[in-house]
Amino acid sequence: MTRHLITSALPYINGIKHLGNLVGSQLPADLFARYLRARGHEVLFLCATDEHGTPAELAAAKAGLPVAEYCAQLHEQQAEIAAGFGLSFDHFGRSSSAQNHRLTQHFAGALADAGLIEEVTQRQVYSVADARFLPDRYIEGTCPNCGYDSARGDQCDNCTKQLDPTDLIEPRSTISGSTELETRETKHLFLRQSRMKDDLDSWIRGKEDWPVLTTSIAKKWLHDGDGLQDRGITRDLDWGVPVRKGDAPWPGMEGKVFYVWFDAPIEYIAAAQEWVDAGKGSDWESWWRTDRGADDVRYTQFMGKDNVPFHTLSFPATIMGSGEPWKLVDYIKSFNYLNYDGGQFSTSRGRGVFQDQALSLLPADYWRWWLLSHAPETSDAEFTWENFQASVNKDLADVLGNFVSRITKFCRSKFGETVPEAGAYGPAEEALIADLTERVARYEAQMDAIEVRKSAQELRAIWAAGNEYLQAQAPWTTFKTDPDRAAAQVRLALNLIPLYAVLSAPFVPEAARTMLEAMGAPDAGWPGNVKTTLGQLPPGHAFTVPEVLFAKITDEQREDWETRFAGTRD
RNA sequence: GGCGUGGUAGCUCAGUCGGUUAGAGCGAACGACUCAUAAUCGUUAGGUCGGUGGUUCAAGUCCACCUCACGCCA
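All the letters of the first sequence, read from the start, carry residue numbers 13 to 582 under this note's numbering.
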């Protein structure tokens, strides 16, 4: 039994996320967490909302709410949706928590003591009307290159020329539209990542078993151009963790906050503190401090590829640079993007399915199965309604759902709703047990390796094995000449249901529960021995025929959804 | 423009350290069965492995160049 710490990338607070965000981090993390728990490991699975930064402030202003209140509301919404998808977080925290404030300030202090913080004075655009400094992309004006009138301060969307905000003709604030802009000096803290380049490099080089996607992105940032750059970790904002050097004020940094990318990963640790403070756990340090037992912990992170640089470089730089015995990540599972029907998901264009909409259409298990069995592991993947309908109907309704249906109904009509007791197992039964034993071992190996799609494939094959057995043995035929033999066949097939339930639970937890309940079977835990598990429902055991596990998606539904979520075309 | 990741049967994807006839699921065709959500099971389907050139006894699998897609950066 190992102790497993699992974190999923933190979803940003400003609105409901689309399906790509789900499959890129939280869902596979949940799959892994559920699997490891089922196998008897001790698991701490943490996630949180990432709440700081300019976009949160702007979204709050747009909603007409104080930012703290806005974040509190959106956090509740996201927590509700996460629960709707069955995400089994041990704690779903908030990067704005008091715990994270303290911890972020502590790390900054430790890094400063280690000589890894530099104070840099910069010139930045300040909007008098908005009373704030403006990030480059919140400044618009006329492009000096092509004359496009809505060029952003960092780049012109029309001619793609890279710009500096001061290049723009008639610059204005995109927040207020004000042209009353001026350049002011401001001081910021920089994390001297460049000093840690060699340490990070050798650390990454040792991770040969990590997905190439993970290591290639990290190596690129380490070696591209001038190598790893120092990074500003503070901003001129109101909403965030106030800059302090541990418990002490930081002279010259009054009124500033830490940059969201500095405090967000630290929330992984703070979330464990929140977990304890919420009364759900007792010892967060044993998960995070190597001097308090975390050396025994295996820590796995899940994230989309856009988050990889921060998890392979910035956050490790924070951890290593602190000089304190914090736990470093052991394995980073990263994912590519999920596209929507030939393009990207787009919030502004209303393209694609968002998480709350998805749950209003179909139960979570449908989404979990499709998303996980099509997880973008090796390259970007694509969601189409046609593919979704075909996969879900075939895999869930036809292969798994119908298996449960056909055998329970057949038993009911011939033997009643009780596991029949006559007959004995023969060579065909032994062969099925041997086959399943092998397949379960392969399934476990894929799950251990977090090979999500391959795990789904193997699980599907396990379901199909039940249908193959029934088809070959044909108890409906056997029954006519040798009812005892048919009874034994039915007994074995019925026993497959609780086995399937336990094996499938990480993917489709709701259906798994329904299957166990219908069979009147307790969750007997992971099958250590397939043969033993298949004796779980003894002769005479009563069961009920469950409702249809998965209703099929009709062509009408698919067509309706296709048009509903198409959004406005480009 | 530089870098990264991909481009394998109609579709979605596997292919470990290069090695006999390139695999799976779906779809399709045909057949079997009729217990079941018209579900299931079996068989078949012959894709110049994006293109060109090269290394090698041998390349989808290594190298170079080209091309397309996506992403990152400048």
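Glycine residues also receive a C-beta, built at the ideal position from the N, C-alpha and C atoms. Quantities reported herein were computed from a predicted structural model and do not represent experimental measurements.
Residue state for methionine 13 is assigned as coil, using DSSP reduced to three classes.
In the pairwise beta carbon analysis, the stretch 260 to 277 is classified as not touching the stretch 73 to 88: fewer than three pairs are separated by under 8 Å. Closest in alpha carbon position to valine 255, among Asp494, Ser188, Ala120 and Ala440, is Ala120. In this structure glutamate 69 is buried. Its beta-carbon is surrounded by 16 or more other beta-carbon atoms within 10 angstroms.
The beta carbon of glutamate 194 lies closer than 8 Å to those of Val137, Tyr138 and Val140 in the same chain, with the five residues before and after it left out. DSSP places leucine 528 outside any beta strand (DSSP E); the residue lies instead in the alpha helix (DSSP H), whose first and last residues are 521 to 531. When DSSP states are grouped into helix, strand and coil, valine 452 belongs to the helix group. The Cβ neighbour count for methionine 459, taken over all protein chains shown within 10 Å, is at least 16; the residue is labelled buried. When rounded, the separation of the alpha-carbon atoms in asparagine 112 and arginine 135 is 29 Å.
Sorting Cys59, Ile229, Thr449 and Gly76 by C-alpha distance to the C-alpha of serine 346 places Ile229 at the top.
Close CB contacts of aspartate 392 within its chain, under the 8 Å cut and outside five residues either way in sequence, are with Asn348, Tyr349, Leu350 and Asn351 (chain order).
Within the same chain, Cβ atoms closer than 6 Å to the Cβ of serine 20 are found at Ser37, Gln38, Ala41, Cys59 and Phe314, the five residues on either side in sequence being excluded. Contact check for threonine 420 and proline 558: beta-carbon distance about 7 Å, within the 8 Å limit, so the pair qualifies. Between the C-alpha atoms of asparagine 414 and methionine 13 there is a straight-line separation of about 36 Å.
For glutamine 483, the enclosing alpha helix (DSSP H) stretches over residues 464 to 485. Here the stretch 44 to 63 makes no contact with the stretch 333 to 342; the two share fewer than three CB pairs at distances below 8 Å. Excluding sequence positions up to five before and after leucine 128, its CB lies within less than 7 Å of the CB of Leu203, Arg204, Arg207 and Gly333, all in the same chain and listed in chain order. Isoleucine 25 has its alpha-carbon roughly 10 Å from the corresponding atom of glycine 65.
In the displayed model, proline 40 falls within a helix according to three-state DSSP.
Separation of arginine 576 and glutamine 90 (C-alpha to C-alpha, rounded to the nearest whole angstrom) is 23 Å.
By alpha-carbon distance to glutamate 398, the top candidate from Ser162, Arg424, Asp572 and Leu146 is Asp572.
Taking a C-beta distance under 9 Å as the contact criterion, glutamine 485 and glutamine 501 qualify as a contact pair. Nearest neighbour of glycine 478 by Cα position, chosen from Trp215, Gly435, Phe427 and Val416, turns out to be Val416. Residues of the same chain with a CB within less than 8 Å of the CB of leucine 408, apart from the 5 flanking positions on each side, are Asp377, Tyr378, Trp381, Val520, Ala523, Leu561 and Phe562 in chain order.
A Cβ-Cβ distance of about 19 Å is found for the pair alanine 499 and glycine 532, leaving them out of contact under the 8 Å criterion.
Using a 10 angstroms sphere on the CB of lysine 29, the tally of other CB atoms reaches 16 or more, which defines it as buried. For proline 183, the enclosing beta strand (DSSP E) has its first and last residue at 181 to 185. Annotation for valine 288: Trp296 place their beta carbon closer than 6 Å to its own, counting only its chain and skipping 5 residues before and after. Leu201 is the residue among Glu529, Leu201, Ala45 and Asp308 whose C-alpha sits nearest the C-alpha of tryptophan 262. Under the three-state reduction of DSSP, methionine 315 is assigned to strand.
By the Cβ-count criterion, aspartate 161 is exposed, with fewer than 16 other Cβ atoms from all chains shown falling within 10 Å of its own Cβ. With fewer than 16 other Cβ atoms inside 10 Å of its own Cβ, asparagine 541 counts as exposed. If you keep only unbroken alpha helix (DSSP H) runs of at least 4 residues inside the stretch 301 to 383, you get 327 to 334 and 367 to 373. Look at the beta carbons and you see the stretch 296 to 306 not touching the stretch 322 to 329: under three pairs across the two are nearer than 8 Å. A residue is called buried once 16 or more other Cβ atoms fall within 10 Å of its Cβ, and alanine 443, having fewer, is exposed. One Cα belongs to aspartate 318, the other to threonine 226, and the distance between them is close to 10 Å.
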